[in-house]
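2 protein chains.
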Amino acid sequence: MNQKLQAFLNEHKLDALLLIGDSLCDPDLYYLSHFLSGDRFALLGKEKIHLLVSSMERGRAHKESSADEVASTDDYGIMERLQSLGKPDVAYVEALSEFLRDRGARRLAVPFRTPAGIYRLLSSQFDLTIMDSPVSGWRSSKSRQEIEAIWSVQRACQSAMGVALRLLSRSRPRGDMIYWGDRPLTSEKVREVIEVHLLKKGCDALETIVAGGEEAVDPHARGSGPLPANAPIVVDIFPRSKSTRYFGDMTRTVVRGEASLEVREIYQAVLAAQGAGLKALCAGVSGREVHARVCQAFAEHGFPERKGKGFIHSTGHGVGLSVHERPSLGEAGEILEANMVVTVEPGLYYPGVGGIRLEDLAVVTEKGCQNLTDFSKHLVL
Amino acid sequence: MNQKLQAFLNEHKLDALLLIGDSLCDPDLYYLSHFLSGDRFALLGKEKIHLLVSSMERGRAHKESSADEVASTDDYGIMERLQSLGKPDVAYVEALSEFLRDRGARRLAVPFRTPAGIYRLLSSQFDLTIMDSPVSGWRSSKSRQEIEAIWSVQRACQSAMGVALRLLSRSRPRGDMIYWGDRPLTSEKVREVIEVHLLKKGCDALETIVAGGEEAVDPHARGSGPLPANAPIVVDIFPRSKSTRYFGDMTRTVVRGEASLEVREIYQAVLAAQGAGLKALCAGVSGREVHARVCQAFAEHGFPERKGKGFIHSTGHGVGLSVHERPSLGEAGEILEANMVVTVEPGLYYPGVGGIRLEDLAVVTEKGCQNLTDFSKHLVL
Numbered sequence: 001m002n003q004k005l006q007a008f009l010n011e012h013k014l015d016a017l018l019l020i021g022d023s024l025c026d027p028d029l030y031y032l033s034h035f036l037s038g039d040r041f042a043l044l045g046k047e048k049i050h051l052l053v054s055s056m057e058r059g060r061a062h063k064e065s066s067a068d069e070v071a072s073t074d075d076y077g078i079m080e081r082l083q084s085l086g087k088p089d090v091a092y093v094e095a096l097s098e099f100l101r102d103r104g105a106r107r108l109a110v111p112f113r114t115p116a117g118i119y120r121l122l123s124s125q126f127d128l129t130i131m132d133s134p135v136s137g138w139r140s141s142k143s144r145q146e147i148e149a150i151w152s153v154q155r156a157c158q159s160a161m162g163v164a165l166r167l168l169s170r171s172r173p174r175g176d177m178i179y180w181g182d183r184p185l186t187s188e189k190v191r192e193v194i195e196v197h198l199l200k201k202g203c204d205a206l207e208t209i210v211a212g213g214e215e216a217v218d219p220h221a222r223g224s225g226p227l228p229a230n231a232p233i234v235v236d237i238f239p240r241s242k243s244t245r246y247f248g249d250m251t252r253t254v255v256r257g258e259a260s261l262e263v264r265e266i267y268q269a270v271l272a273a274q275g276a277g278l279k280a281l282c283a284g285v286s287g288r289e290v291h292a293r294v295c296q297a298f299a300e301h302g303f304p305e306r307k308g309k310g311f312i313h314s315t316g317h318g319v320g321l322s323v324h325e326r327p328s329l330g331e332a333g334e335i336l337e338a339n340m341v342v343t344v345e346p347g348l349y350y351p352g353v354g355g356i357r358l359e360d361l362a363v364v365t366e367k368g369c370q371n372l373t374d375f376s377k378h379l380v381l
Numbered sequence: 001m002n003q004k005l006q007a008f009l010n011e012h013k014l015d016a017l018l019l020i021g022d023s024l025c026d027p028d029l030y031y032l033s034h035f036l037s038g039d040r041f042a043l044l045g046k047e048k049i050h051l052l053v054s055s056m057e058r059g060r061a062h063k064e065s066s067a068d069e070v071a072s073t074d075d076y077g078i079m080e081r082l083q084s085l086g087k088p089d090v091a092y093v094e095a096l097s098e099f100l101r102d103r104g105a106r107r108l109a110v111p112f113r114t115p116a117g118i119y120r121l122l123s124s125q126f127d128l129t130i131m132d133s134p135v136s137g138w139r140s141s142k143s144r145q146e147i148e149a150i151w152s153v154q155r156a157c158q159s160a161m162g163v164a165l166r167l168l169s170r171s172r173p174r175g176d177m178i179y180w181g182d183r184p185l186t187s188e189k190v191r192e193v194i195e196v197h198l199l200k201k202g203c204d205a206l207e208t209i210v211a212g213g214e215e216a217v218d219p220h221a222r223g224s225g226p227l228p229a230n231a232p233i234v235v236d237i238f239p240r241s242k243s244t245r246y247f248g249d250m251t252r253t254v255v256r257g258e259a260s261l262e263v264r265e266i267y268q269a270v271l272a273a274q275g276a277g278l279k280a281l282c283a284g285v286s287g288r289e290v291h292a293r294v295c296q297a298f299a300e301h302g303f304p305e306r307k308g309k310g311f312i313h314s315t316g317h318g319v320g321l322s323v324h325e326r327p328s329l330g331e332a333g334e335i336l337e338a339n340m341v342v343t344v345e346p347g348l349y350y351p352g353v354g355g356i357r358l359e360d361l362a363v364v365t366e367k368g369c370q371n372l373t374d375f376s377k378h379l380v381l
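These protein sequence lines map, in sequence, to chains U and A. If you read the first sequence in my numbering, its first letter stands for residue 1, the second for the next number, and so on. If you read the second sequence in my numbering, its first letter stands for residue 1, the second for the next number, and so on.
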C-alpha cells in the first residue's frame with residue numbers, strides 16, 4: 001500500500017494525501033486506517049499513515065487502527081480554540097492545519113468528496129489538489145487476505161439464501177399468493193429469516209431484496225407485503241461481515257408454483273447471459289467488453305431491449321469494503337485486472353411479467369475467473 | 001418544513017438550498033426527501049423539493065420519496081455527456097447544472113460537507129455559499145410523529161436490554177469470568193442475542209456495546225471476549241428502526257457476582273448525576289447548564305475528575321435520524337427547546353476499576369422533560 005501511495009505522491013509532486021470523513025461511510029478511510037468510526041477523523045498519508053481523531057476516540061484508534069501514528073484534536077488545543085473562536089468547524093480546521101504543518105505537509109491531494117467547508121478553509125493555507133481518490137483504484141484489486149474475507153462472507157450469504165429458498169419452497173401457493181400456515185408469506189418475513197441467519201454468522205445485511213411480481217420490475221425495490229404465487233421472486237442478499245467489513249453479494253430468482261412459458265424463456269435468457277458474462281471475465285479484458293457480451297447474449301435470445309424495460313442496468317460491479325465499487329462491468333467499464341472481485345448479474349425486467357436476475361460473485365484471474373458462488377440455479381421451487 | 005426553508009432562504013437572500021450525497025449517510029437528505037438511497041443524489045429546496053436521481057433510482061424515488069418532483073440524470077443527458085466528456089464527475093456536474101438552471105436556482109446555500117469537487121465545479125457557474133446545514137437545526141426539535149417513532153424504537157431497545165440482562169443474570173460467576181453452561185459468556189454472544197431480538201422487532205443495531213472490566217474504561221470500546229465476574233459490564237444499545245429510520249439509545253451497567261464498595265459508590269454517583277441531569281432538563285435551559293449540573297453532582301459525590309479518568313465525556317446529545325445529533329448537552333451546549341429528544345448519560349471511568357454509565361432518553365418539555373425510558377436501574381444481578 002505504501003508503495004502505491006509513494007508512487008502516487010511522486011507522480012503528482014505532492015507531499016501527502018489527506019482524507020477527512022468517517023470510516024463507516026468512507027471505505028477509503030477504513031482501507032488505509034483499519035479504524036472504524038462514525039465520527040469524523042482525518043488521515044494523512046505520507047511516508048507513514050497519521051490519524052487525527054477526537055480525544056474520545058484516541059484510545060480505540062491506538063488499539064484498533066493500523067496507522068503508524070494517532071494524534072488527537074486535544075493535542076492541538078481543540079477546546080481552547082473552540083472557546084476563543086466559537087465556531088466548531090473553524091476550530092477543527094485550525095487544529096487540523098497545525099497537525100498538517102507539524103508533519104511537513106503543504107502540497108496535498110484531497111479527494112473529490114472532501115467536505116467543501118474544510119476544503120475552503122484549508123485552501124488559504126495549503127496547496128490543495130482535488131482528485132478522484134486514488135484509494136478506490138488501489139482497493140479494486142484484492143489481496144489474498146481480502147479475497148478470503150469476501151469468500152467467507154459469500155459462504156454466509158449462500159447459507160442465508162439456502163434458508164430463504166427452503167422457506168419459500170415449503171410455502172403453499174393458494175390463489176395468487178403463497179402461504180406459510182394460514183398467513184400469506186411476506187417479503188418482510190423472508191427478509192427477517194435471512195437477516196437473523198446472517199447475524200448469527202457475524203454479518204449485517206441492511207437492504208436485502210425479497211421482491212415478487214410487479215414490485216421486482218424495479219431492480220432496486222426491496223419488496224413488501226405478501227409474495228406472489230406463480231410469479232418470479234427476486235432474492236438479492238449483500239451482507240457485510242461485522243469483523244472484516246467486506247461484503248458478499250448474490251441473487252437468485254425463483255417461482256413458487258407454476259412458471260409461465262414466457263417466464264421460463266426469460267429465465268433461460270438470463271442464465272445464458274450470465275454464462276456469457278462469466279465466460280468473458282479475464283484479466284486484460286475490459287468491463288465494457290464483458291457487458292457487451294452479456295447484451296449480445298440477451299439480443300441473441302430475443303430480449304434486446306435496454307431502455308425502460310428489458311436489461312435496464314449494467315452487468316456488474318466490484319465488491320469489497322463497498323457493495324458497489326470499481327471496476328464497473330458496464331458501458332464505461334475499465335480494463336480488468338487479476339484479483340478484482342466482481343458481480344455478474346444480468347437481469348430482465350418486464351412490466352406485467354416481473355423481474356428476473358441471477359448474480360454470482362467471481363474473482364478475475366489471468367486466465368478467466370474463479371466463481372466464489374457455489375449455489376444452484378433453479379427457477380421453479 | 002417549507003416555512004422554515006423559506007424563512008432561511010429569505011434571511012440569507014438565496015434562491016435555494018442544495019444538498020448532495022446519499023441519504024444512508026446524510027440524514028439531512030433523508031429528512032427533506034424521505035428517500036433512502038446509498039447512491040448519490042441531489043436535493044434542491046426552493047418553494048418545492050426537487051430531486052435529481054440516477055435513472056435506476058427514479059421509479060423508487062417516485063414511489064417512496066416525499067419530494068414534489070423527481071428528475072433523473074438521464075433527463076439531463078448523462079450518458080451522452082459521459083461519452084463526450086469522459087469524466088463521470090464532470091458529466092454529473094454538467095447535468096446537475098442544467099437541472100439547477102432549469103429550476104431558476106442561481107444563488108445557492110450548500111452545506112459544509114458538500115463534496116469539494118462538486119463545489120469547485122459548480123462555483124464557476126453559480127453563486128454558492130457554504131453554510132452549516134440549517135437542516136440539522138430544523139431536525140433537532142421533533143414533531144409528535146417523530147417522537148412516537150423514537151419512543152417506539154426505545155421500547156424495542158428496552159425489550160432487548162431485558163433479554164440481555166436476563167442472559168447475564170442467568171450466567172454463573174466462576175473465578176473472574178461468567179459462564180453460560182460450560183463456556184465463558186462473551187461480549188459477542190450477548191451482542192448477538194441483543195441484535196437478533198432487535199432484528200425481529202424491525203430494528204438494526206450495528207455497534208452495540210457490551211464491554212466489561214478494563215475494556216469498559218474506554219467508553220467507545222464495543223467489547224470482545226469473555227465477560228468478567230464481579231466487575232461492571234456496560235450494555236449500551238442504540239438501534240435504528242428499519243422502517244422509520246429513527247434511533248433509540250439507552251445504557252445500563254451491571255455486575256454479575258459481587259460488586260466492590262468502590263464500584264457501588266461510583267454507581268451511586270452516576271445514578272445521582274443522571275438524576276441531576278434529568279431534573280435540569282427544561283425548555284429554555286442550555287445544554288451547557290445541564291452538563292454543568294451533572295459535573296457538579298459528580299464533584300459533590302467525590303468524583304470531580306474530568307481529564308483522562310472520571311467523567312471524561314459530555315452529558316448527552318440529541319437523538320433522531322442520527323444517533324448523535326443536535327443539541328449537545330456539553331461544554332458548548334445550546335439552549336434547549338421543547339420537543340428536543342436527548343440522552344442523559346453520565347459515566348465514570350477509572351482504570352483498574354472499570355466503567356459505569358447510565359443512559360436514558362428524554363423529550364424536553366416546557367416544564368421539564370418526559371423520560372422515554374422506563375427500565376429499572378440495578379447494579380448487581
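For glycine and all other residues, C-beta sits at the position ideal for the given N, C-alpha and C. Model, not experiment: these values are computed from the prediction.
Chain A contact for residue i (CB, 8 angstroms cutoff)
i: U/Cys-25; result: yes
i: U/His-220; result: yes
i: U/Met-56; result: yes
i: U/His-313; result: yes
Cross-chain neighbours of residue i in chain U, by beta carbon under 8 angstroms
i: A/Phe-112; result: Asp-89, Pro-115, Ala-116, Gly-117, Ile-118
Length of the line joining the Cα atoms of residue i and residue j
i: U/Val-210; j: U/His-220; result: 10 angstroms
i: U/Glu-57; j: A/Tyr-76; result: 43 angstroms
i: U/Gly-45; j: U/Ala-16; result: 5 angstroms
i: U/Asp-39; j: U/Gly-59; result: 14 angstroms
i: A/Glu-47; j: A/Thr-244; result: 25 angstroms
i: U/Gly-66; j: U/His-378; result: Per the sequence presented here, residue 66 of chain U reads as Ser, with Gly not at that position. Their Cα atoms are separated by approximately 44 angstroms.
i: A/Lys-200; j: U/Glu-192; result: 7 angstroms
i: A/Arg-252; j: U/Met-79; result: 29 angstroms
i: A/Gly-316; j: A/Asp-132; result: 21 angstroms
i: A/Gln-268; j: U/Gly-86; result: 35 angstroms
i: U/Ala-160; j: U/Asp-236; result: 11 angstroms
i: U/Pro-346; j: U/His-313; result: 8 angstroms
Residue j beta carbon less than 8 angstroms from that of residue i
i: A/Met-250; j: A/Gln-370; result: no
i: A/Phe-112; j: U/Ala-91; result: no
i: U/Gly-287; j: U/Gly-333; result: yes
i: U/Gly-355; j: U/Pro-232; result: yes
i: U/Ser-97; j: U/Leu-122; result: yes
i: A/Leu-372; j: A/Leu-361; result: yes
i: U/His-291; j: U/Leu-348; result: no
i: U/Tyr-31; j: U/Val-135; result: yes
i: A/Ile-327; j: A/Val-344; result: According to the sequence shown, residue 327 of chain A is Pro rather than Ile. No, the pair does not count as a contact, with Cβ atoms beyond the cut-off.
i: A/Ala-149; j: A/Leu-198; result: no
i: A/Phe-35; j: A/Ser-54; result: no
i: A/Ala-216; j: A/Arg-256; result: no
Within chain U, partners of residue i - CB distance below 7 angstroms
i: A/Leu-206; result: Asp-204
i: A/Gly-59; result: Asp-218
i: A/Leu-82; result: Ala-332
Residue i at chain U interface by Cβ criterion, 8 angstroms
i: A/Glu-417; result: Absent from the model: residue 417 of chain A. The displayed extent of chain A is 1 to 381, so no value can be given.
i: A/Ala-332; result: yes
Within chain A, partners of residue i - CB distance below 9 angstroms
i: U/Lys-200; result: Glu-192, Val-196
Contacts that residue i makes with chain B (C-beta to C-beta distance below 8 angstroms)
i: A/Ile-130; result: This model lacks chain B altogether; the protein chains it does include are U and A.
Can at least three beta-carbon pairs, one atom from the region 364-374 of chain U and one from the region 330-347 of chain U, be found at a separation below 8 angstroms? Yes: the two stretches touch, three or more of their Cβ pairs being nearer than 8 angstroms.
Using a Cβ distance threshold of 8 angstroms, determine whether the region 202-209 of chain U contacts the region 239-253 of chain U, with at least three qualifying pairs required. yes
Does the count of Cβ pairs from the region 266-278 of chain U and the region 4-24 of chain A closer than 8 angstroms reach three? no
Pair every Cβ in the region 138-146 of chain A with every Cβ in the region 159-168 of chain A, then say whether three or more of these pairs are closer than 8 angstroms. no
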